[in-house]
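Chains as they are written, first to last, in my numbering: chain A, 23 to 382; chain B, 23 to 382; chain C, 23 to 382; chain D, 23 to 382.
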């Protein structure tokens, strides 16, 4: 069980090493008859593309999606949708020095301990380049969700210790894609951008958090017990490179509240349905959507590769000095926003389909 | 895909409603030839048993495990290990008033929206009573892990805004089971106990956090990409009732650090292997264990059922006043500690077995 | 992956050894809101019950189903439906002599080679008693199918070299349950019964074949490529004890035909749909139902335990003489008919649910 | 659950339409550190290649495998191995007439009933071209098996009513690839070849059977209950296009035998292990390998597309005359031999890995 398949009914299998011939994936279980806007999927890929973001790595990839199967004139056939993206600007020689050396904060050593072998070039499959497949598949899932009236918006809520201090309801998420830093509040975005540039100049890196809000998900979506909607979202988020924490609704803050403070009171609306006055639950109760916005946040550690000399270790267990090399993001947060959205879309598309089988 | 199966190779299927005939489960994939101490599994069940904990609900259940299959003279046969526990002290009539009414903060409404039907008695399957099956299965998994030198310890790290302020390395986790509050630091435990009693007297409830530390897991355990070790742990934790957040290693705090601060420096030990000086990663790098202690924390919201009258809503969407009834915990944290351990054991046993298939 | 779970959306997990405390199972994924006639499920169990059939083993079990979960007043909740049946008339001492000895034609040796341990009493989990769980689960699946207008009928088509020589369309399958031998044609049934009694008197055993016909399955059911409807049926049938062969439609006979002879010509019916004049395909084309009756046949070997002394082998690899002991069927075919139906129902219920997710 | 994933630990996901951009697949779960001879995989693909076999279709495809991931200098990394093959000689216009018409004996109508849409060009994904992915993946699995001492040989045992009448033990399976017809007995091969040419001249087609023998599989491989080794093989075989029947060991013939005739007597060999004198069981007892050769046979119907005018049906349900067009095999048996081997290798590699998790 090698763990490269995500989802149950709507499934993605992802493949590819950072400096191998290609990265790509296969979506199995996308329903037939869906009109896909392939250009829109490309737009989403471009948003995470290295080189597209002035705040990101200098590596430049065209990242053009090649579509292999599952479509007839842009309509899904119900068969697997395979796609790939060639790796072109792979300067593998940058990594020669790392062949027998393990970097701190990276998966170099743990992967080799697992497999007895690793592709040391560009981090191999532990590179964030793998997430490209997620963004393509998520882009497909999003179009399925859109038809069902579901909208998914992620945005940066914290960079370093700089936190977005605006109520989510007051945000215009259309603005997320305007600023390279992917924060929809212009004033915060500007300060975050400045911070990233300062820290980059120091050869250092930053972490942060990304928030995500889902509107329009019908109530009753999610599964009881193990596959709770927020449990699957947690797994999805924590499977993204550098993720360290996840919370839904008021999350860790709920731990300090009393029950009398924490419950979301109902607003009965007669036949019009039932809503809640507040949304501390984050749109999920007992693992099942209640019709409110699904809201959660994911924490990311700072990029491990700092542009400074660091101490690594070699195969014999001896310390070695590592020169700063390669091209890296000073802060993954902006480029992780499309990935958070993509993984969210995959989870929701899967659960929407699962929900079709819940009633006799 | 109804989501009552957990794990891939070492799997648990859980079943049962709070006030139905029984709760139980089946463990499929436990290797053959394991000598099980069934009394020890009963001990673990007793730790989460209602009535066993003076800080918990007044509901009293004997919770004796009946073993149905998979064992010969206490040795696993490699076949499914089925077990059940009868529900005895189910005062279902307490819940008659809830048949057509939905409580705030509970899964009543979302479950009915999903299934079109629900067992309103005691929360049905959304009751924490379901976790009994997890504790039994986790108890089996733990004995498999023990043979491999793995030890799993969970403990309460926060109740309300009262936080355990002791370094985890300084804790004597044997003490966890001494105090009902399940915090191994005696001074903190005493203050937590007092807080719970105070809040219970007010008819209110408390949330908190539970920490978990795994010692002895070999490096190389976990899967790349989607089934990262900490992603599977996140899902496992978030699938526990009332869980709101999860973090591994320094978690959300990592978001505010710089890369130069966050990496764990190696301590090369020559042939003796490689360790790290600090453990901000929480024992997992790139989704794979690195041989350090695996450390994570889970946040729980306060119990939704407060012993005060609350406003619910009925089928027509109209407000109804709910009288405080039933028997509930003022704080689930103490009873959730064995559940956190159990889910951790399930994840680790599964990944230990998966690791057997990683190399040619 | 221990292989005790069957199905993808509508799933059965089966457990239990022949002489352990109980056999049983859990159905996960049965849709909510299904009114179950539990007495009817018991009827199906009674049809395979040892002792119920004069042509079968002398072992007598009451085989009363205990229902543990998933139901409220006989209506499915969408949660796991767990059930068990106690083993009562287990004369385990009959098997003491087999502890260190392996019987020919049985799974004794191969199971021990796999697991390094086995429950030698009554064949342990390799006993046909395991199929009880399948019949219960199949009985639930059948009621789901009935609501969709699907009917499943199996019957004995061959005992030894005695073959049912009647066109299936001419059979009155209501008669299947009249004769103990489970062949709906009275004349053939009588001859089969006589043959079984003759062979039983000789202390020998018989094999045979079972046919199965499914009426009312909608066209478009099944999955392309690996999970073809008849591929899943083949696996289901071959997973039944003693099964040796499977064929769909004209099966092996198709191998000898020319293409010009084998195709089923269409009968266009305008808006009324399209049928075929013949049904050599057995109701499945390209793995997907075409609306015709699904027809297939399964071959079973004769029972391995003959009532004669046989040569076995012991742990050291030396020959040992085995006295005929235990209580066994001279011919499993009659008791296998409900099992064939049950497995068919499980496959079809699963695919009906899967089909709900095929279109956007 | 769209059914394009095969296997549990060693898994193939297959994709591609006959006239789409490419066919291909991803192997997930192949252990790390396996030295792959990629040229040998290409040899296996060439054996099923259209145009390579004088007895097959006139369609000519180079069928060069492109490798996308999972390999470093020909050694497996433990990550997904993705591959694709471009479709080049696709004369899609041949199929224009079939856009709104359904052919008898084909999956045209049933696929459209399932998905509401189909790729009519060359059969879309119901084309045997899909099996190319299986042959590539099977070629990888075979090299894993070879390292474990396992050898898999398939060969044609029947074409039309012409049956290979030679004991399998007397066959030199190296000869299988010498004759285009893929029968290792020269005399039979010659007669089969003549028959195929005769029938092709008549514009008609032939079915037949393929036998498969596995040597060197260790005893104890396979899973009890649902995932019996021969049940998984049955599913694998029945998932191949045009398959109609499956039997293991003496198969359907066992139905007519007595128990006293059918058991395979042991040949105890002391510490040297235990074998059986005969092998009617086909190497599997109770779903688990017993160390003897695994032997089974699969029946295939004649190719549905005969080179004669046939009556089809249109969307309105009205009859239409279909002109014989396209390029088709008069007999799929020769080209199906590598597919049978490939699917067998996939099943066995999966079960060898599963077996690693059976014991504590």
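Idealized CB from N, CA, C, for every residue including glycine.
Asked, Found
"Using the beta-carbon count (16 or more within 10 Å), is residue 338 of chain A buried or exposed?", "exposed"
"For residue 187 of chain B, which of B:253, B:31, B:208 has the nearest alpha-carbon?", "B:208"
"Any idea which residues DSSP pairs residue 88 of chain D with across the strands?", "D:106"
"Closest to residue 87 of chain B by CA distance: which of B:156, B:147, B:237 is it?", "B:156"
"Using 7 Å as the threshold, is the C-beta distance between residue 305 of chain B and residue 132 of chain A below it?", "no"
"If you measure from the beta carbon of residue 90 of chain A to each beta carbon in chain B, is any gap under 7 Å?", "no"
"In angstroms, rounded to a whole number, what distance separates the CA positions of residue 344 of chain D and residue 303 of chain C?", "20 Å"
"Name the one or two DSSP bridge partners that residue 381 of chain A has.", "C:54"
"Relative to the alpha-carbon of residue 298 of chain B, which residue among A:110, A:125, A:107, A:83 has its alpha-carbon at the smallest distance?", "A:125"
"Chain B partners of residue 282 of chain D, CB-CB under 8 Å?", "None at all; the shortest Cβ gap to chain B is about 30 Å."
"I want to see whether chain C comes within less than 7 Å of residue 250 of chain A, judged by CB atoms only; does it?", "no"
"Whose CA, out of A:159, A:117, A:257, lies closest to the CA of residue 360 of chain A?", "A:159"
"On the DSSP bridge assignment, give the partners of residue 176 of chain C in chain order.", "C:234"
"List in chain order: all unbroken beta strand (DSSP E) runs of 3+ residues lying wholly within the stretch 197–258 of chain D.", "230–237"
"I'd like to know if the stretch 224–240 of chain C and the stretch 175–182 of chain C are in contact, where contact means that at least 3 CB-CB pairs between them fall below 8 Å.", "yes"
"Quick test of the definition: if touching needs 3 or more C-beta pairs under 8 Å, does the stretch 203–223 of chain B touch the stretch 278–298 of chain B?", "no"
"Compare the C-beta of residue 379 of chain B with all C-beta atoms of chain E and state if any pair is closer than 7 Å.", "Of the protein chains in the structure, A, B, C and D, none is chain E."
"In three-state terms, what does DSSP make of residue 83 of chain C?", "coil"
"Starting from residue 34 of chain C, follow the beta strand (DSSP E) in both directions and report where the run begins and ends.", "33–38"
"From the beta carbon of residue 4 of chain C, is the nearest beta carbon of chain B less than 7 Å away?", "A query on residue 4 of chain C cannot be resolved here, the shown segment of chain C reaching from 23 to 382 and no further."
"If you draw a straight line from the alpha carbon of residue 105 of chain C to that of residue 93 of chain C, how long is it in whole angstroms?", "11 Å"
"If you draw a straight line from the alpha carbon of residue 354 of chain D to that of residue 324 of chain D, how long is it in whole angstroms?", "8 Å"
"I'd like to know if residue 310 of chain C contacts chain D, where contact means its C-beta is closer than 7 Å to some C-beta of that chain.", "yes"
"On the criterion of 16 or more Cβ atoms from any shown chain inside 10 Å, does residue 176 of chain D qualify as buried, or is it exposed?", "buried"
"Could you please give the first and the last residue of the uninterrupted alpha helix (DSSP H) stretch that includes residue 70 of chain B?", "60–70"
"Which whole-angstrom value is the C-beta distance of residue 310 of chain D and residue 129 of chain C, which I expect to be below 8 Å?", "6 Å"
"According to DSSP, which residues form a beta bridge with residue 268 of chain B?", "A:268, B:320"
"Are the CB atoms of residue 34 of chain A and residue 202 of chain A within a distance shorter than 7 Å?", "no"
"Flag this pair as yes or no: are the beta carbons of residue 261 of chain A and residue 274 of chain B separated by less than 7 Å?", "no"
"List, in chain order, every chain D residue whose beta-carbon is nearer than 8 Å to that of residue 147 of chain C.", "246, 247"
"Give the secondary structure of residue 300 of chain B by DSSP, where H, G and I count as helix, E and B as strand, and everything else as coil.", "coil"
"Indicate whether residue 55 of chain D and residue 138 of chain A have their beta-carbon atoms separated by less than 7 Å.", "yes"
"What residue range does the alpha helix (DSSP H) around residue 336 of chain B cover?", "Per DSSP, residue 336 of chain B belongs to no alpha helix (DSSP H); it is in the beta strand (DSSP E), 332–336."
"Specify, as a first and last residue, the run of the alpha helix (DSSP H) that residue 166 of chain C falls within.", "153–169"
"Shorter than 7 Å from the beta carbon of residue 383 of chain D to some beta carbon of chain B?", "The requested residue 383 of chain D does not occur in the structure, where chain D is confined to residues 23 to 382."
"Residues in the same chain with beta-carbon distance under 7 Å from residue 22 of chain A, minus the five sequence neighbours each way, listed in chain order, please.", "Nothing can be reported for residue 22 of chain A, as the shown portion of chain A is limited to 23 through 382."
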